[in-house]
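Positions 5 to 114 (the working numbering) are the ones given, in order, by the sequence shown.
Glycine included, each C-beta is placed from N, C-alpha and C at the ideal position.
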Amino acid sequence: MMTLRLYMAQRITALIMAPLVLMHIAVMIYAIQGGLSAAEILGRTQGSILWFLFYGTFVVAVSIHAAIGLRTVLSEWAGLRGTALNAVAWAVLALLLILGMQAVYGVTAI
5 MMTLRLYMAQ RITALIMAPL VLMHIAVMIY AIQGGLSAAE ILGRTQGSIL WFLFYGTFVV
65 AVSIHAAIGL RTVLSEWAGL RGTALNAVAW AVLALLLILG MQAVYGVTAI
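Next up, the structure:
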């Protein structure tokens, strides 16, 4: 069962993700058409607070959105309820945040 708070969190994260996805796609098209290598792309992103904030925000929004969505699927299809359902959702959220932020750090750290 999805509460109003979870429902709103998923909708808000979708609103955050939509422009970030479009910008990410636009940047990737620009990079590919410009013939930039992976090293050149990293040269532009490493040490950049702006790219850290952009992709960090993206990772947080996606992690929350995905965990809530998976929680709903597990509730409806697997019949999980209560503590087990919440534990899985929190574990997925934590895993996605950890892995995603490691990727962001790898792309933006000096």
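Asked, Found
"When DSSP labels each residue in this structure, what does S1 get in the three-state scheme?", "Absent from the model: residue 1. The displayed extent of the chain is 5 to 114, so no value can be given."
"How would you write the range of the alpha helix (DSSP H) that A95 sits in, first residue to last?", "86–112"
"Suppose contacts are defined by Cβ-Cβ distances below 7 angstroms. Is A42 in contact with A71 by that definition?", "no"
"Determine the direct distance from the alpha carbon of T49 to that of W55, and round the result to whole angstroms.", "6 angstroms"
"Assess contact between the stretch 26–44 and the stretch 81–93, defined as three or more Cβ pairs (one per stretch) separated by less than 8 angstroms. Is contact present?", "no"
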